[in-house]
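So the structure is just underneath, and the comments pick up after that.
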Amino acid sequence: MASPSRQQNRLAVEGDVADAAVLVRRVLAEAGPSYRVLGGAGLIDALVRRLPGLAPVHHFFWMETTSPSGVAAEGVRWLAAREEKQAASLFDRFFPDSYAQPGRAGVGRWAGIVGETDGGDGVEPLAVAADAWSAAGCGFMGGVITHPSARGRGLARTVSGFVLDALVDRYGRAALMVLAGNTPAIATYERLGMAKHRFGAAQIPNGDYPREVTPTTLI
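Count the sequence shown with the working numbering and you get residues 271 to 489, in order.
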């Protein structure tokens, strides 16, 4: 399944390695090499070995839950529009690569804990998380970030539990994606009751088509 996006064009793939290799080769030739190929980690690793020009990007976990987190979300609330704008500066300064950021298409409401930072910048969001790109049957959480001066206090866990509980209550399921190397975040989400499934991502670097494959091969 190919899904174009402002942030990242994605091609989700599943099935037998040999069949998937033929399909991915053809789709990338037709849709363009900007698409990032996503699938189970073992399948993506096998496709990288089979398709010249396709390079691994990273492994990540899809994590999900259908149960309440059990976290007492003291001090967490849905942010007002002014506070969401304040939260945008957190991403500008500390997490510019986040797909979910205030004001971006598909990113809905933001939850957070508001307080004073150690740097004396006044009252602002200390930790936030978003209800982003949720759809029928599955709510999605993104944009989890804590101000550096407020880390170590469990704020991200509290905010995440609040958002996950709201998503489970509304959609019956809540999910997120996290890079496989982000061990502290994965541990936090597991403590919130989320199960993880390992996936991989691969892409054609620099927009070059794999060897032996050009757009004309499909004509």
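Using N, Cα and C, we set each Cβ at its ideal position, and we do this for glycine too.
Other residues of its chain near residue i: CB distance less than 8 angstroms, five sequence neighbours each side excluded
i: Gly465; result: Rather than Gly, the amino acid found at residue 465 in this sequence is Ala. Closer than 8 angstroms at Cβ, skipping near neighbours: Met333, Glu334 and Thr335.
i: Glu284; result: Ala290, Gly309, Gly310 and Leu313
8 angstroms Cβ cutoff met for residue i and residue j
i: Arg423; j: Thr458; result: no
i: Val448; j: Val429; result: no
i: Leu360; j: Trp380; result: no
i: Val433; j: Asp401; result: yes
i: Gly409; j: Tyr441; result: yes
i: Ser339; j: Gly431; result: yes
i: Val377; j: Glu386; result: no
i: Ala444; j: Met411; result: yes
Residue i, DSSP secondary structure in three states
i: Gln473; result: strand
i: Ala343; result: coil
i: Phe361; result: helix
i: Glu334; result: strand
i: Thr387; result: coil
i: Glu300; result: helix
i: Val433; result: helix
i: Asp286; result: coil
i: Leu349; result: coil
i: Leu313; result: helix
Outcome for residue i when other beta-carbon atoms lying within 10 angstroms are tallied against a minimum of 16
i: Ala405; result: exposed
i: Val483; result: In this predicted model, Val483 has a pLDDT of only 39, less than 50, meaning its place in the structure is not dependable; the value taken from the coordinates is given anyway. Result: buried.
i: Thr487; result: Note on Thr487: pLDDT 26, under 50, position unreliable in the model; the coordinate value appears next. With fewer than 16 other Cβ atoms within 10 Å, it is exposed.
i: Asp286; result: exposed
i: Pro295; result: It is Arg, not Pro, that sits at residue 295 in the sequence shown. Result: buried.
Proximal residues to residue i (C-beta, below 6 angstroms), its chain only, five neighbours per side dropped
i: Ala420; result: Leu396
i: Glu354; result: Pro372 and Trp380
i: Phe330; result: Met447, Leu449, Ala450 and Phe469
i: Leu293; result: none
Other residues of its chain near residue i: CB distance less than 7 angstroms, five sequence neighbours each side excluded
i: Ala357; result: Leu349, Pro372, Trp380, Gly382, Pro395 and Val398
i: Phe364; result: Ile415 and Pro418
Margin query: Count Cβ pairs between the stretch 276-294 and the stretch 304-311 that sit closer than 8 angstroms; are there 3 or more?
Written below: yes
Next item on the list: Would you be able to state if there are at least three C-beta pairs under 8 angstroms between the stretch 402-420 and the stretch 352-371?
Entry: yes
Next item on the list: Count the C-beta pairs between the stretch 467-476 and the stretch 313-328 that are closer than 8 angstroms, then say yes if the count reaches three, no if not.
Entry: Enough Cβ pairs lie closer than 8 angstroms, so yes.
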